[in-house]
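What follows is a single structure, written as structure tokens, with notes after it.
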Amino acid sequence: MLIFLNKPFDDNIVEEFIDKVNSATNVDSITVYLSSFGGDVSITPILRDIIQNYQMKLIACSSLESSALDLFLTTNTPRTVLDETVGMFHRTYLTDVNIYNDFKPLNKNKSLLNIWKSEPVCLSLVENFLELSPTDKKKVKNGENIYLNHNQLREALKKSIKYFDKNLVD
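So for the sequence shown, this note's numbering puts the first residue at 30; every next one is plus one.
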């Protein structure tokens, strides 16, 4: 079965994905084509868990941006990058922090905001796989996007595979 994930990451894409997986007659033979501009970072672990648990083949195509790039590089499953696929990496940001008129975060989101602000920018697995130059790391820290061609994505994929082989992470 082929599944094409080509929408922003949100609750709807998870529901659609689960429906497609549940309708498959043989979940061991699912191939997922991934082309997304990313979206809600809290959706990435859900998709990763499903894809990884069933060891679905994951194929990067067209464009992998933001959390879609994270999903692709941090899922321990068979993966490949198609020619002409491009990627975009940037600093993760929270989309669900609500702000009052006085510009203070709502109490329920204050803890999330504090955790996010305390996380070092340069320690993410994806950033390590991309082997960003000091200049690119500075750009990411300043909120700029870093764009990647398919060869750079393939090199990052090699590092990701090596990481999972070395650490035997499932």
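Note that CB positions come from ideal geometry on N, CA and C, so glycine has one too.
By the CB criterion at 7 Å, V70 and S91 fall outside the cutoff.
DSSP places K49 inside the alpha helix (DSSP H), whose first and last residues are 40 to 52. Burial of E94 is indicated by the presence of at least 16 other C-beta atoms within 10 angstroms of its C-beta. Residue state for S162 is assigned as coil, using DSSP reduced to three classes. Here E156 carries a helix assignment [DSSP, helix/strand/coil]. Taking the CA atoms as reference points, K170 sits about 7 Å from R120. Per DSSP, S58 lies in no alpha helix (DSSP H) and is assigned neither H nor E. In the three-state reduction of the DSSP assignment, L111 falls in the coil class. Judged by DSSP in its simplified three-state form, Y83 adopts coil rather than helix or strand. DSSP places I190 outside any beta strand (DSSP E); the residue lies instead in the alpha helix (DSSP H), whose first and last residues are 179 to 196. Counted as a single uninterrupted DSSP element, the beta strand (DSSP E) harbouring F33 occupies residues 31 to 34. Burial of S65 is indicated by the presence of at least 16 other C-beta atoms within 10 angstroms of its C-beta. Secondary structure at I75: helix, using DSSP grouped into helix, strand and coil.
Counted as a single uninterrupted DSSP element, the stretch harbouring D69 is not any alpha helix (DSSP H), since DSSP gives it neither H nor E.
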